[in-house]
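To keep things clear, I will list the structure first and then write my remarks on it.
Residue numbers (the numbering used here), protein chains in the order written: chain C, 1 to 114; chain F, 1 to 113.
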C-alpha cells in the first residue's frame, strides 16, 4: 500500500516553455502533499506544502509564480514550472501523507531544460 | 549546528556484514523518526517508521530511537548488494514548523559481493 505515482519520470523541453508534473496517491487519500527539489548528491529541499482545496505554502526563497502548485483533490497535486530556464533543471519529487502517518514519495521527475 | 546530522560516508562493506547507520538531532520537538532508502534516480522509499523512543524490527532492518540522547540508528543485518543505495534519516514534530520533515544529508552505502 501507500503508493505515490509521479508523472512524467523524465522530461526535456526548450527554455521558455512550461512543464506540468503530476503527483497522485493511488491507494490512499492524502491530506497533505509536498514538493521537493533534489540536486545531485544532496538531500531533498522542500519547496512547498499543499492541502487539498487550499493554497500551497511555499518555503522561503521559492518563487510561487514560477512554481505553480494545484492540489485539486485528495489524490492529485500538480506542479507547473512556468517559463522554465536551464537553471530550473533538477530532480523534482512529490510526496503525500495522511494525518500523522509517514510521508510516501513518488519516483521523481527529471527535468532538463535546453 | 544543523538540526539533523548524518555521517556523510560513503560506506563500503562486504556482503553479509552488519551495517550501522546513525543520525543525531538537536530539536527536542521531533517525535516521528523515519529511515528512507533512495536508489539512484528514484524517489525515497520508506524503510522504517518509529514514533518516539524504542526499537522496531522488520526483517533484516532494525531501527532504534533514543530521544534522551537525540540519536537514531538503523541496523542492516546480512547486508546484500541490493542494499546498495543512499540512506536518509528523517524526522519531524507534531505541529507547525516542526511538522515538516527534516532530513539528514544521506549516506551512500555500497555492499560488495
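Just so you know, even glycine gets a beta-carbon here, dropped at the ideal spot from N, CA and C.
Are residue 84(C) and residue 18(C) closer than 8 Å when you measure CB to CB? yes
Give the interface partners of residue 105(F) over in chain C, defined as CB-CB distance under 8 Å, in chain order. 42 and 43
May I have the straight-line CA-CA distance separating residue 117(C) from residue 25(F), to the nearest angstrom? A query on residue 117(C) cannot be resolved here, the shown segment of chain C reaching from 1 to 114 and no further.
Residue(s) in a DSSP beta bridge with residue 48(F): 35(F)
Using three-state DSSP, classify residue 26(F) as helix, strand or coil. coil
Give the secondary structure of residue 116(C) by DSSP, where H, G and I count as helix, E and B as strand, and everything else as coil. What is shown of chain C runs 1 to 114, which leaves residue 116(C) out entirely.
To test your reading of the DSSP string, which unbroken beta strand (DSSP E) runs of 3 or more residues are found completely within the region 55-93 of chain F? 61-66, 71-76 and 85-92
Under 8 Å (Cβ pairs) to chain C, residues found in the region 36-47 of chain F: 36, 41, 42, 43, 44, 45 and 46
Does residue 91(F) come within less than 8 Å of chain C when only Cβ atoms are used? no
Determine the DSSP secondary structure at residue 72(C), reduced to helix, strand or coil. strand
Closest to residue 13(F) by C-alpha separation, out of 57(F), 85(F) and 64(F), would be which residue? 85(F)
Would residue 60(C) pass as an interface residue toward chain F - the criterion being a Cβ-Cβ separation below 8 Å? no
What's the C-alpha gap between residue 104(F) and residue 51(C)? 25 Å
Using a Cβ cut-off of 8 Å (strictly closer), state whether residue 67(F) contacts chain C. no
Check whether the Cβ atoms of residue 42(C) and residue 23(C) lie closer than 8 Å to each other. no
Do residue 11(C) and residue 111(C) have their CB atoms nearer than 8 Å? yes
Identify whether residue 97(F) lies in helix, strand or coil by the three-state DSSP scheme. helix
Measuring CA to CA, which of 44(F), 58(F), 65(F) and 60(F) is closest to residue 51(F)? 65(F)
Neighbourhood of residue 44(C) by C-beta distance below 6 Å, restricted to the same chain and skipping five residues each side: 36 and 38
For residue 108(C), would you say it is in contact with chain F, using Cβ-to-Cβ distances shorter than 8 Å as the test? yes
Are the CB atoms of residue 109(C) and residue 21(C) nearer to each other than 8 Å? yes
Would residue 114(F) and residue 111(F) qualify as a contact pair, given that the criterion is a beta-carbon distance under 8 Å? Chain F is shown from 1 up to 113; residue 114(F) falls before or after that span and cannot be answered.
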